[in-house]
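J.:
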Amino acid sequence: MAINPYDTPRGKFRTRAETTRRQFLLLMGTLASTGAVIFGTVEVLKFMFPAATGDAPQQFKTNFTFDELTGGVDSNGKAKAGATVRSITAQRVSVVVDDGGIYAVYLVCTHLGCTPNYVPNVTSGSGVADTVAAARGDRSGSEQIPNGWACPCHGSRYFIDSTNFYGPAPRPMDWVSISVSPDNFFVIDRGNIVAYRQPGDNTAPQWRLLLNSKKDNGKTLGV
Amino acid sequence: MSAPPRETSPVRAFVDEVWGSIFRHGMPTTDKVAARTALTNFFLHIHPVRVKKSAIRVSYTLCLGGLSFFLFILLTITGLFLMFYYIPSVDQAYQNIKDLQFVATFGLVIRNMHRWAAHGMVITVWLHMARVFYQGAYKPPRQFNWAIGTLLLLTTLLLSFSGYLLPWDQLAVWAITVGTNMAKYAPIAGPYTRYLLLGGRQVAQGALIRFYVLHVIALPLIGFLLMVVHFWRVRKDGFTGGL
């Protein structure tokens, strides 16, 4: 008969319950606080990694049309405007037209992520022979000039096919997908890499947006 | 016959009571009262009650730690003023800095004080560490304080880096691009660290607000706590040579 609720349990019950009420509450309290601390730490960490970011979309549309870039396509399937490069620095993409077609280079330096600038004399002072540079480019005859990109941060340089040849950059810049929209503008998807090359891989990517069909040839590299 | 008690005016009594409630001692004219002054004052109690004259001689080592702390205080005060004008938004930050320089009265002075004090603090902290190293002041019993000091150096550098990008000019954007890409090179944790620092995958608004919070709250607070421990250890371990 429990007359006083504060009496400690005695007899049969006492021997079976070897843990006192105080010990039990201490154990429960410890477990609860440990759990709360672990849960809280995990949630705070999760809080610090944003579930949604305000990042700009990877896909964007150019403000120039297919015809404005190429000047139309002649009977040989070549761009009338000839080989040309159009950089969209705000979106960090360069669109290159060569004899094979069109491709887009994602201008993120593979060293530490700055935006390389287009330069017409990319081999200047680098000790690389112009003939080597010319072989990397796809221009013909008198138009065959050394050109490419130079990074303003630490001086890495890239040929026009985005192959690195100078400075700290470890590998070539990536090519991203470019297509023509129904209203004849270009759609560039920086999330869709069509040519990815490992360090030391100097293969010239064959991927092109063909001038005649306005479709790509599907020759991706390393993806 | 003893002299009759001096009459005190109620005003004088009130002033004495207030003064006495704050300072539990008279003017420190004797060594004993001076010791009590140092012991019972919150701001002075970190000082040893008795210091050898030779120990506080400012010699060729220039009290570099003290200079660093002075610059930290200067940076805190000028930084507080800058915060009244600066908005950590990618659209406004650069214009705010321009306003500080060309519109706000004495804004140029405040900004330049902050800027040059920041450069100065990096220099004095480095030199302080070099001084401690060359004089062997990291040796027992001061190993722990050397470790705290290296953390303070790291905090100083992080403060410098995070402040560097707040104007959100070209230098800032590419510094944060390069800096966070360096973090990305770390094995396994690299990409996560970059995501955590930028609050996303691109150098944009999320990155600016994060570095702002780090610069004005988190890092100064960490620095302050480390300094408290650092000075406390200096107090416990004592001085041996000049400052």
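In the order they appear, the protein sequences are chains A and B. Residues 5 to 227, numbered by our numbering, are exactly what the first sequence covers, in order. Residues 3 to 245, numbered by our numbering, are exactly what the second sequence covers, in order. The beta carbon of each residue, even a glycine, is placed where N, CA and C say it ideally should be. Note that the structure is a prediction, hence the values are computed from the model and not measured.
1) So residue 184 of chain A is in the beta strand (DSSP E); what residue range does that whole segment cover?
2) Tell me whether the stretch 82–101 of chain B and the stretch 168–177 of chain B touch, counting them as touching only if at least three CB pairs, one residue from each stretch, are closer than 8 Å.
3) I need the boundaries of the beta strand (DSSP E) containing residue 192 of chain A, first residue and last residue.
4) Would the beta-carbon of residue 221 of chain B fall within 8 Å of that of residue 161 of chain B?
5) Should residue 202 of chain B be flagged as near chain A, meaning a C-beta pair shorter than 8 Å?
6) Tell me the DSSP secondary structure of residue 224 of chain A in three-state form.
7) Within its chain, find whatever has a CB closer than 7 Å to the CB of residue 105 of chain A; leave out the 5 residues flanking it on each side and keep chain order.
8) At 9 Å on the CB atoms, spell out the chain B contacts of residue 57 of chain A, in chain order.
9) Would you check if the distance between the CB atom of residue 88 of chain A and the CB atom of residue 188 of chain A is smaller than 8 Å?
10) For residue 82 of chain A, does the count of other Cβ atoms within 10 angstroms reach 16, so buried, or fall short, so exposed?
11) Could you tell me the alpha carbon to alpha carbon distance between residue 161 of chain A and residue 77 of chain B, rounded to whole angstroms?
12) Give the DSSP-derived three-state secondary structure of residue 112 of chain B in the structure shown.
13) CA-CA distance, residue 198 of chain A and residue 182 of chain A?
14) Can you say whether residue 130 of chain B is buried or exposed, counting buried as having 16 or more other CB atoms within 10 angstroms of its CB?
15) Within its chain, find whatever has a CB closer than 7 Å to the CB of residue 128 of chain A; leave out the 5 residues flanking it on each side and keep chain order.
16) When the Cα atoms are used, what is the spatial distance from residue 227 of chain B to residue 140 of chain A?
17) At what residues does the beta strand (DSSP E) containing residue 147 of chain B begin and finish?
18) Within the present structure, is the beta-carbon of residue 103 of chain A separated from the nearest heavy atom of the ligand FAD by less than 7 Å?
19) Quick check on this structure: which residue in B:148, B:112, B:190 and B:218 has the alpha carbon closest to the alpha carbon of residue 235 of chain B?
20) Whole beta strand (DSSP E) runs in the stretch 48–92 of chain A with 3 or more residues, listed along the chain?
21) Residue 194 of chain A to residue 200 of chain A, Cα distance in whole Å?
22) If I'm right that residue 205 of chain B touches residue 175 of chain B with Cβ under 8 Å, what's the distance once you round it to whole angstroms?
23) Kindly indicate if chain A contains any beta-carbon less than 8 Å away from that of residue 98 of chain B.
24) Is the stretch 164–178 of chain A close to the stretch 105–120 of chain A, with three or more CB pairs under 8 Å?
25) Report all residues from its chain with a CB closer than 6 Å to the CB of residue 30 of chain B; omit the five preceding and five following residues, and keep chain order.
26) What is the DSSP secondary structure of residue 15 of chain B, reduced to helix, strand or coil?
27) Give the residues from the stretch 154–184 of chain B that approach chain A closer than 7 Å (Cβ to any Cβ), ordered along the chain.
28) Which residue comes first and which comes last in the alpha helix (DSSP H) that contains residue 81 of chain B?
29) Taking the beta carbon of residue 97 of chain A as the centre, do at least 16 other beta carbons fall within 10 Å, making it buried, or is it exposed?
30) If you draw a straight line from the alpha carbon of residue 82 of chain B to that of residue 100 of chain B, how long is it in whole angstroms?
31) Any beta-carbon of chain B closer than 8 Å to the one on residue 53 of chain A?
32) Quick check on the burial criterion: 16 or more other C-beta atoms within 10 angstroms. Buried or exposed for residue 120 of chain B?
33) Determine the burial state of residue 32 of chain A: buried for a count of at least 16 other Cβ atoms within 10 Å of its Cβ, exposed for fewer.
34) For residue 176 of chain B, name the three-state secondary structure that DSSP assigns.
T.: In terms of the structure at hand:
1) 179–184
2) The stretch 82–101 of chain B makes contact with the stretch 168–177 of chain B, as at least three CB pairs between them are under 8 Å.
3) Where residue 192 of chain A is concerned, the enclosing beta strand (DSSP E) starts and stops at 189–199.
4) yes
5) yes
6) Coil at residue 224 of chain A, not helix or strand.
7) Short of 7 Å from the beta carbon of residue 105 of chain A, and not among the five residues preceding or following it, lie these beta carbons of its own chain, in chain order: 212, 213, 214 and 215.
8) 197, 200, 201, 202, 203, 204, 206 and 208
9) no
10) buried
11) 40 Å
12) helix
13) 9 Å
14) buried
15) none
16) 57 Å
17) That residue, residue 147 of chain B, is in no beta strand (DSSP E); its alpha helix (DSSP H) goes 145–166.
18) By its list of ligands, the structure shown contains no ligand whatsoever, and the ligand FAD lies outside what it can speak to.
19) B:148
20) 63–69 and 88–92
21) 12 Å
22) 6 Å
23) So no, residue 98 of chain B is outside the interface.
24) They touch, by the three-pair rule.
25) Excluding sequence neighbours, residue 30 of chain B sits near 36 and 39.
26) Residue state, collapsed to three classes: helix.
27) 176, 179, 180, 183 and 184
28) 66–85
29) buried
30) One C-alpha to the other measures close to 17 Å.
31) yes
32) Flag for residue 120 of chain B reads buried.
33) Per the 10 Å Cβ criterion, exposed.
34) helix
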